Every structure is written in structure tokens, then in C-alpha cells.
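4 protein chains.
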Amino acid sequence: MSIKGKVFEIIQPGDSDHVASKIFDCVIIALIAMSIISVFLQTFDLPSRLSRGLYVFEVVSTYVFTLEYLLRIWTADLLHPDMPPFRARLVYIRSGMAVVDLLAILPFYLPMILPFNLLGLRAVRLVRLLRIFKFNRYSDAMTSVWLVIKKKLPAITAALVMVFILLVMSSLFIYFAEHDAQPDKFENAFSGLWWAVATLTTVGYGDIYPITICGKILGTVIALLGIGVVAIPTGILSSGFIEHLNKHEDEEDKDDGMNFCPHCGRKLK
Amino acid sequence: MSIKGKVFEIIQPGDSDHVASKIFDCVIIALIAMSIISVFLQTFDLPSRLSRGLYVFEVVSTYVFTLEYLLRIWTADLLHPDMPPFRARLVYIRSGMAVVDLLAILPFYLPMILPFNLLGLRAVRLVRLLRIFKFNRYSDAMTSVWLVIKKKLPAITAALVMVFILLVMSSLFIYFAEHDAQPDKFENAFSGLWWAVATLTTVGYGDIYPITICGKILGTVIALLGIGVVAIPTGILSSGFIEHLNKHEDEEDKDDGMNFCPHCGRKLK
Amino acid sequence: MSIKGKVFEIIQPGDSDHVASKIFDCVIIALIAMSIISVFLQTFDLPSRLSRGLYVFEVVSTYVFTLEYLLRIWTADLLHPDMPPFRARLVYIRSGMAVVDLLAILPFYLPMILPFNLLGLRAVRLVRLLRIFKFNRYSDAMTSVWLVIKKKLPAITAALVMVFILLVMSSLFIYFAEHDAQPDKFENAFSGLWWAVATLTTVGYGDIYPITICGKILGTVIALLGIGVVAIPTGILSSGFIEHLNKHEDEEDKDDGMNFCPHCGRKLK
Amino acid sequence: MSIKGKVFEIIQPGDSDHVASKIFDCVIIALIAMSIISVFLQTFDLPSRLSRGLYVFEVVSTYVFTLEYLLRIWTADLLHPDMPPFRARLVYIRSGMAVVDLLAILPFYLPMILPFNLLGLRAVRLVRLLRIFKFNRYSDAMTSVWLVIKKKLPAITAALVMVFILLVMSSLFIYFAEHDAQPDKFENAFSGLWWAVATLTTVGYGDIYPITICGKILGTVIALLGIGVVAIPTGILSSGFIEHLNKHEDEEDKDDGMNFCPHCGRKLK
Chain A
1 MSIKGKVFEI
11 IQPGDSDHVA
21 SKIFDCVIIA
31 LIAMSIISVF
41 LQTFDLPSRL
51 SRGLYVFEVV
61 STYVFTLEYL
71 LRIWTADLLH
81 PDMPPFRARL
91 VYIRSGMAVV
101 DLLAILPFYL
111 PMILPFNLLG
121 LRAVRLVRLL
131 RIFKFNRYSD
141 AMTSVWLVIK
151 KKLPAITAAL
161 VMVFILLVMS
171 SLFIYFAEHD
181 AQPDKFENAF
191 SGLWWAVATL
201 TTVGYGDIYP
211 ITICGKILGT
221 VIALLGIGVV
231 AIPTGILSSG
241 FIEHLNKHED
251 EEDKDDGMNF
261 CPHCGRKLK
Chain B
1001 MSIKGKVFEI
1011 IQPGDSDHVA
1021 SKIFDCVIIA
1031 LIAMSIISVF
1041 LQTFDLPSRL
1051 SRGLYVFEVV
1061 STYVFTLEYL
1071 LRIWTADLLH
1081 PDMPPFRARL
1091 VYIRSGMAVV
1101 DLLAILPFYL
1111 PMILPFNLLG
1121 LRAVRLVRLL
1131 RIFKFNRYSD
1141 AMTSVWLVIK
1151 KKLPAITAAL
1161 VMVFILLVMS
1171 SLFIYFAEHD
1181 AQPDKFENAF
1191 SGLWWAVATL
1201 TTVGYGDIYP
1211 ITICGKILGT
1221 VIALLGIGVV
1231 AIPTGILSSG
1241 FIEHLNKHED
1251 EEDKDDGMNF
1261 CPHCGRKLK
Chain C
2001 MSIKGKVFEI
2011 IQPGDSDHVA
2021 SKIFDCVIIA
2031 LIAMSIISVF
2041 LQTFDLPSRL
2051 SRGLYVFEVV
2061 STYVFTLEYL
2071 LRIWTADLLH
2081 PDMPPFRARL
2091 VYIRSGMAVV
2101 DLLAILPFYL
2111 PMILPFNLLG
2121 LRAVRLVRLL
2131 RIFKFNRYSD
2141 AMTSVWLVIK
2151 KKLPAITAAL
2161 VMVFILLVMS
2171 SLFIYFAEHD
2181 AQPDKFENAF
2191 SGLWWAVATL
2201 TTVGYGDIYP
2211 ITICGKILGT
2221 VIALLGIGVV
2231 AIPTGILSSG
2241 FIEHLNKHED
2251 EEDKDDGMNF
2261 CPHCGRKLK
Chain D
3001 MSIKGKVFEI
3011 IQPGDSDHVA
3021 SKIFDCVIIA
3031 LIAMSIISVF
3041 LQTFDLPSRL
3051 SRGLYVFEVV
3061 STYVFTLEYL
3071 LRIWTADLLH
3081 PDMPPFRARL
3091 VYIRSGMAVV
3101 DLLAILPFYL
3111 PMILPFNLLG
3121 LRAVRLVRLL
3131 RIFKFNRYSD
3141 AMTSVWLVIK
3151 KKLPAITAAL
3161 VMVFILLVMS
3171 SLFIYFAEHD
3181 AQPDKFENAF
3191 SGLWWAVATL
3201 TTVGYGDIYP
3211 ITICGKILGT
3221 VIALLGIGVV
3231 AIPTGILSSG
3241 FIEHLNKHED
3251 EEDKDDGMNF
3261 CPHCGRKLK
């Protein structure tokens, strides 16, 4: 096998018997985890020695991720053997995982290219968090969860629009009900919205709540509607997972070659 | 095509290739959104210039919505070609979306017709919020969510009656358990009801909670029952979405005309 | 029809064309509702006139419910025409709804029978709340919700035992983690249990919460487990409602008389 | 029947007609319950007499559990009659329930074997809590709940990883949004994490919440995402319970031996 083939096998995630492939996966996963912990640590007041250590780690990890990114592009033509190598690489570069890989290293290089620091230090740190999505490559189950969410996106969006309508209406109702009694808490409709979010999602921090009879009745209605706000997306996703499960089983059934009627050749189930 | 036909095609939402139709949809959606934002903004302390600007927008948007409403009535006979034009329009006027359209503009015209201001300023603002429901016209997925909710309404109502029984019982139990220990918090059964709502829906603001052993045991039981209060409607809606999904698939199956056994004429599935 | 038959038709709930039957149902439902509102009102500081009015209403409504109870027993033999009248009435008296009817009036008569007041005034009021269950007679959907809950009771009980195990373990863990930092809040394992209930059911009043690193990590784990505590019973009930739905549909299928294989007479589905 | 056979029948949980077996089950369940209550009680300030009483109970219950453990090992060869007795016992000792039984008594004997007290007093108490899992032996429904959770573990893990990604990202976002406004509350990213947990799981204690416009918008988004955090695992488990139900029904169908078409041998259902 060519060097490119070997590299491809090593950097490709999944159940390869190659020891080097497993080590590579572990190193990348460890670097992602440490990279995120490092972003966390930088929000603490750190002694300057640790602070410098984190910076060194930052530089090293970015170089490793850059190398990984370049290797993945180099070997991308093996993913689509039927395409010309250039097009195969272009297709790969535009795929979701490759974009995540690029965004995870880009903020480090931007200040070198641009004459001025376009992004503030904070934004850079937050963009580095995108590295967390590099984990996705290593999970099959996650892919199926994403598939279900994607399939049910229109219904979930519809449910979200309903929630949005409910939020807007209840925020204005509660504002008119409570503004006179608590002018400092329910200052404007935006305060009402904050209350409506906390109530409809059943978070209920307790920083803002109705005290008038009228507001409490409204609060009761909205808290009960909040049950529906949880129940509708859950019902949609439940039906999605069940649909996914049935499809999967149907495909397994097809494999045994006995599911078709001997008379008309139709699938019998 | 006649002018009426062209107007009909433009104002009808959905996947028309007509550029004017798309522009019309966008303008209406933008006006609805801005109209709602305007109701929000009016709850803030605004400089008088912005305040007057909002009023002008209010007048203009109402005129546009009025024109839209009239055009929809004018072209309503094309929706039901089999009916006489007058009846077709009457049927349209009494449909849900047309009523929403009317209610969204009515409060603006009422003071002109009636000799005195029937509705206060606040109520007018709140009724204007109904414009939010005009969004519904533009979503297919929302229709299917509404269908499931409608189908399961008896079961959901039954679940709500159970919740109501639970609320009434727990509000009185907690009142008797906590009234002596916190006479100012658990003043009467209505305070108990407010606590029961916050606990059963798991909102839990923290403005009122039991402090006695007896009240905490009761709170534990009610908080655990609160899980059921979420689980039952969710289960009902889940089964509704799955039923909807299966029906939809069955109908798709029917369309290919090959789902019946040629020997006995039974549906093969 | 005999007088008994007419009375039976009137007091039986459901879709009778008899006007008297509908009036009877409405009167009973109104009396139940007013009876519950009256229990609520008695927790307020009422002027003595209203207080006396409520007492008079209490006496009248109890007499009406007593009459209803006796009429139902009298006509119970028409429910089971195949049994001897005495046995039919005994069967009815021991049914769930009849026991609720009896308990709803019993506390009023007990002091007359017994030489001393066995039950305190409060307990009597609370027992009167049982009248709320008389509503159940008037809902079909509620029956099907109860059926599903009953069917899934073993699984729900198992889930509750898991919740109980989780509650006990987390209450002790949090006690050991937080007792030293907040000895007044986490006084003993019972305080820990109260916190665990509020966290696992996601109520979160905010009267008690961890402040140490160790306690917050524990709180994070338990709050995440709380998702499961909601998800498991919901999943169980979802499957229950779907099972109920399928059974119901199967029974409807049976009615059309075409579901059996012409060759072997087996149900084809 | 030999003595070993009789002992085996007595200590085996389940529907035995043997009176002694039922008594044995009740004694063990009562001892487990009392043992857990005793761990609870020891966190209270107890009079020394009660304290000593609890210690005596502790010693006695441990001896009983030890005897139970030894008897279960002795009779374990009857569980696997096809294996040599020694192997059968080894298999049993390594089973989940036997490990729980051992862990529930081990901390009591360790100080006698080891020259120094390896585990602190607190840890010993907490390990004793494992006795709670001995309850599992007595529930069939629990087994099926466990089976579903086990089956769906990959999907649930994937959902948990998503929650973890969401938690990490929102904790850093909220830290950057709120740190300047509330430096004491949002001290570092760990405080942000604590807030994110409380919001995503909808617990919402109210000890920490955003006050800036930016933070509240972020809080709104995260609270709405929190709905998904509940909905996804619930959907996964719902589909799991439905799958379990269908499998169970299929197996029941198989038992009646009549589910296959006599003509083509295909399952008719």
C-alpha cells in the first residue's frame, strides 16, 4: 500500500485493526479534551507560569490540528475514488466536519495574515471551542441522533414558532398585568419575555414572578402551557426515533431474502 | 389569465414560481414581524419622535393588512370554483385564517364606527398581537402539529382535568400543612394553589415553599406526581405523532397502486 | 317504562336524548364545582354572613348528593339485569365510583351517629374534596388514560423504585458533601432528601443548593440524572398510549369482517 | 428434597408457595429498609442510647446479610446444574447481584482484616447504602426497564455528549457575557457551568442568573435548547420501550404455534 493509503487508514476514525490508527484517534481526542479544558482554565486567575504553559499547549495543539487538517485534505481523494482528485478534495473541504476542522484552527492564523487583529481575544477563545465538534467524528450513535433531528426539523421548527408566539403573547400579557404592581421588575415587555421564558421552559429562577391575582392566574395558565411546550417536541422526536428504528429494521429484514410474496413478488412484511 | 387570477396567485402563500408572489409573502411576513416588535417597543419609555414613528407605521401596516384582507375576500371565489361566488366568499370569511385577519385590523377601525372608545388602549394593543397568528398561513409543518393536537384533544383534556384535580387537592393539603408555620406565605388556599402550580409544573420560582416536615413530605409527593403531569400529555402527544406518521405513510403507499394482492384483493402492506 | 327505569335513565351519565337527564348531569356537576369552591373559600377570612351561607350550601349539597347516592343504589339492579337485584346493588356499592360517592357524604353524617367527633373539622373538609372524583363519571377519555396508567403500573412502579434509590443515595452524598460548609441548610440527611427531590424533579425552589465544588459536581450529576427521571416514565407511558391505540384500532378492524384469510381463516391484518 | 434444595427454594426470590420462602423475603426486605433508615438516622444528632441501638442493629443486620450471602453461594450450584459445582459458584460470585451483596457487607469486615482503617467512617456508611440495590432482586418490571436503558445506551450516550458540548459552550458564552456585570457570581467558567446545568436541566435554583441583555438572550436560547435536552433522551427511551413491547408481543405470538400461513410458511401476524 502507498504511504497515502497508510496515512488515510491511520487518520480515518472507526474500527481499524491498525494500532497506529487507534493511537492517532486517542491523541486527537485527548488534544481536543485538553484544548477545551484549557479554554476553561483561562477564565480563572492563573499564576503566570501556568498561563504561559497553557499558551505553549495552545500553539502545539493548533499545529497538530493543522497537520491533521492538511493530511485529511491530502488523502480526501481516497474517500471518493470515482472523482478526479481535485474535485474529491473540494467536496471534502466543503463538508461539515472539514469546515469545523478549519474553523478550529483559523483564529490562530488570522492575526498573522491580517495587518490588524480582526477578532478580539475573547472571540478567538470562543471560536476555539468549535474544536468540541471534532468529537462528532468518533460517534456512530450521534450520527443517528442527528439524522432524526434533521428529519423532524420542519415539525420542530413549527413547534418552535408556536413557542415563539406563546412567548410573545404571554410576555405582553404579563407586562400589562404586573407593570403597575412591580414597575421595577416588569419594567417593559422585555422583562415580561424573560419571565415568560423562565416559566414556559419551567426553569423558574425566581428572580421575577407575578404577585397580583391577575398575574398569578396568567402564570398558572402559562406554566400549564409550558407542559405542552415540553410535550410537543418530545412527541415529535419520539415518533422520529421510532420511525428511524422501523426503517433500520426494514433494511435488516430485506437482507434475509425471504420478505417477498412468491406469487406477485411484492414485499410482504 | 384575468387580473383576479393573477392577484389570487400572488397573494396565495406557497411554492409559486411567480416573483411577485414571493415578494408579496415577504412584505406581509416582514410587516407582521415589525408590527409585533412595535407592540413590544411601545412598552418602553420612548422618545416622542420614535413614538410618533411607530404610530405612523401602525397606520400604514393596518392599511396594508386591510388591503390584503379585501383582496383575499375578492379572490376567495377561486378557492371554491364549484360554489357560487357569494357563498365561496362567505365560506372564506368564516374560516379561521380570515377571522384572524379581520381581528388583526378591526380594533383600528372600531373607534371610527362607534361613538365612544369601546376598548381601552391596552386591549387594542393586545388584540393587535393576533397578527402573530397570520404567520400560520406560511407553515405546512405547523398544520400537521395542529392536526395532532386536535386529534388528541379529548385525551389531553382528560389529562388536564386530572392535573386540575391534583392541583385543587394539593393546594388544600399544603394550606392545612403550612398555614400555621407560615401564615403570611400560605395565607389561604389560593396561595396553596400558586405553590401547587409551581411545583406540579416543576417551575419552582422559590417565592413560596414548605418548611414543615409534613409540608415537605407533601411537597415530595407532589413534585414526584409532577413528573406524571409532564409524562402523560407527552405520552399522549407521542402516540398522536406516531399515529399521524403511520397514516401519512399508509396514504403514500396507497398512491403507487400496487399495495393490494392480485389474488385476494387484500391490502398487503 | 317504569318510574325506576325513567329515574335510571335520568341519573345515568352519557349521551341520552332525555332533557331531564342533561339537566340532572348539569346540576350534579355544578354542585360538585361549587362544593369545591366552597372548601377553597373557607380558607379565607370570610364575613360571618358568607360563612353561614357556605354552611347552608354545604348542608343542601350533601342532601342532594345523598339523594343521588340512594337513587343510584335503588336503580343499580338495572345495570346488571342478569343478577338478582340484591346482588346487583351489592356489586354497585363496592364499585369505585359508589365508594367515592359514599365517602363524599359520610363525614357529614358521622358526627350524628358517633357520640363524639371522630374526625377534626379540617379532615372533614379534606374528605369533602373527594367529591372532585365524582367528575370522573362524566369523561370517557379519562377512562382510557386511567387504563393506560393501570396497564403500565408495574413499569412505573419500577421507575419509581429507581427514583427512590436515587433520592436516598443523592440525599446522603449531598449531606456529606455540604454539611460542613452549610451546617444550617444541610442539617441532616432529611434536608439532603428535600434538596434531592427539588433537583431530581427539576423543581429547584432555590431554598437549598450546594455551594462547594464537590457538592456542585454532585448536583450536576443528579440534575442530569433528573432528565432520566422524567424521560423513563414518559417513555413507559408513551409506549402505553401507543399500545392502547393499536389495540383500539385492531378492534375496529375486526368489525369490518374482512380481516381473515380466506384460505385458513386466520386474522391477516 | 435435600436440605440444600430446601434452602435454595427458601432464599430464591419469586412466587414460591413455600411460606418460609415468603417470610425469608420479607425479613431481608425489612432489614434492607431498616438498614437504609439507620444510615439516614445517623446523620441526625441522636441521644447516645439510640445511637448505640443503631450500632447493635448494624452488627446484627450485617451478620444476617453475611449468612444470606454465604447461603446464596452454597446453593449457587443449583442455579447452573450443567456446570461443575465450583464453576457454578464462581459464575454466581461474579454476577451483578452477588457483587452488590458482597459490597454491602465488606466495609464491616475490612477493619478486622487490615491493620489500619482504610476507609473513613463516612465512606463506610455510604458503601452500606449499596444495600439498597439488593431490592432489585425482587422486581421483574425493573429488569425490563434496565433492559431498555441498556439497549438504548449508545443513543443515550450520544445525547449526553451533545448535552456536554452544549454545557461547555454555554458556560463559556455566559461567562463572557456576564463576568463584567456580576464578577462575584460569574467568577470563572466553572460558575458558568453551574448556571448552564441549572438552566439546561430546567432546575433553575435562582442562585445565579444573567442580568445583562446579552446574557438574558443567551439564557433564553439555552433554556429553549433545554427542552431538547429533555426531549431527545425521552424520545430515545420511548422508542426503546415501544421496541421492547413489540418484541415481547412477537414472542407471545410465536408461542401459540398458529402464526404461520400453512400455504407458504410465512408469518401472518
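First to last, the protein sequences are chains A, B, C and D.
So that you can map any letter, position 66 of the first sequence is 66 in our numbering, and since no number is skipped, the others follow by simple counting.
Add 1000 to the 1-based position in the second sequence for our numbering, that's all there is to it.
Add 2000 to the 1-based position in the third sequence for our numbering, that's all there is to it.
Add 3000 to the 1-based position in the fourth sequence for our numbering, that's all there is to it.
A virtual CB, placed ideally from N, CA and C, is assigned to each residue, including glycine.
Please read all numbers here as calculations on a predicted model, not as lab measurements.
Query	Result
Terminal residues of the alpha helix (DSSP H) in which residue 2162/C lies	2153-2178
Coarse secondary structure for residue 1134/B, derived from DSSP in three states	helix
Among 2039/C, 2061/C, 2074/C, nearest to residue 2006/C - alpha-carbon criterion	2074/C
Proximal residues of chain C, C-beta to C-beta of residue 238/A below 7 angstroms	2238
Contacting residues, own chain, Cβ-Cβ under 7 angstroms from residue 181/A (five flanking each side not counted)	211, 212
Nearest-angstrom Cα separation, counted from residue 3032/D out to residue 3064/D	11 angstroms
Counted within 10 angstroms of its Cβ, other Cβ atoms place residue 1237/B as buried (16 or more) or exposed	buried
8 angstroms Cβ cutoff, residue 1265/B in contact with chain A	Only weak support is given to the placement of residue 1265/B: the predicted model assigns it a pLDDT of 47, under 50, and the value that follows is read from those uncertain coordinates. Output row for residue 1265/B: interface = no.
Interface partners of residue 2194/C on chain B, CB under 7 angstroms	1216
Selection from 126/A, 152/A, 158/A that minimises the alpha carbon distance to residue 1139/B	158/A
Alpha-carbon to alpha-carbon, residue 3010/D and residue 3067/D	13 angstroms
Element boundaries [alpha helix (DSSP H), containing residue 97/A]	96-113
Check whether residue 1101/B and residue 1089/B have beta carbons under 8 angstroms apart	no
Spatial neighbours of residue 2245/C in its chain, beta-carbon cut-off 8 angstroms, leaving aside the 5 residues before and after	none
Rounded C-alpha distance that separates residue 2008/C from residue 2080/C	12 angstroms
The region 1020-1038 of chain B touching the region 182-196 of chain A, judged by at least three CB pairs closer than 8 angstroms	no
Contact list for residue 1206/B against chain D, beta-carbon separation under 8 angstroms	3205, 3206
Test item: CB-CB of residue 3223/D and residue 201/A under 8 angstroms	yes
Residue of 2173/C, 2053/C, 2106/C, 2084/C minimising C-alpha distance to residue 2128/C	2106/C
Interface residues of the region 1156-1170 of chain B facing chain C [CB-CB below 8 angstroms]	1157, 1158, 1159, 1161, 1162, 1165, 1168, 1169
Separation of residue 2049/C from residue 2056/C, as counted between CA atoms	11 angstroms
For residue 2181/C, the first and last residue of its enclosing alpha helix (DSSP H)	Segment: none, residue 2181/C is in no alpha helix (DSSP H) and carries neither H nor E.
Status (buried if at least 16 other CB within 10 Å, exposed otherwise) for residue 216/A	buried
C-alpha gap between residue 3209/D and residue 205/A, whole angstroms	7 angstroms
Exposure of residue 2044/C, with buried meaning 16 or more beta-carbon neighbours within 10 Å	exposed
Neighbourhood of residue 1020/B by C-beta distance below 7 angstroms, restricted to the same chain and skipping five residues each side	1010
Within 7 angstroms of chain B by C-beta, residues of the region 220-234 of chain A in sequence order	220, 223, 224, 226, 227, 228, 230, 231, 232, 234
Option nearest residue 1344/B by Cα separation, candidates 214/A, 170/A, 97/A	Here chain B comprises residues numbered 1001 to 1269, so residue 1344/B is not present and cannot be evaluated.
For residue 2024/C, the first and last residue of its enclosing alpha helix (DSSP H)	2019-2041
Backbone CA spacing between residue 1013/B and residue 1023/B [nearest angstrom]	11 angstroms
Residue range of the unbroken alpha helix (DSSP H) whose run includes residue 2006/C	2003-2011
Chain B contact for residue 172/A (CB, 8 angstroms cutoff)	yes
Residue-level contact to chain E via CB, residue 2199/C, 8 angstroms cutoff	Here chain E cannot be found, since the structure's protein chains are A, B, C and D.
Chain D within 8 angstroms of residue 2036/C, Cβ atoms only	no
Interfacial residues, the region 137-151 of chain A to chain B, with Cβ spacing under 9 angstroms	none
Burial state of residue 96/A, where buried means 16 or more other Cβ atoms lie within 10 Å	exposed
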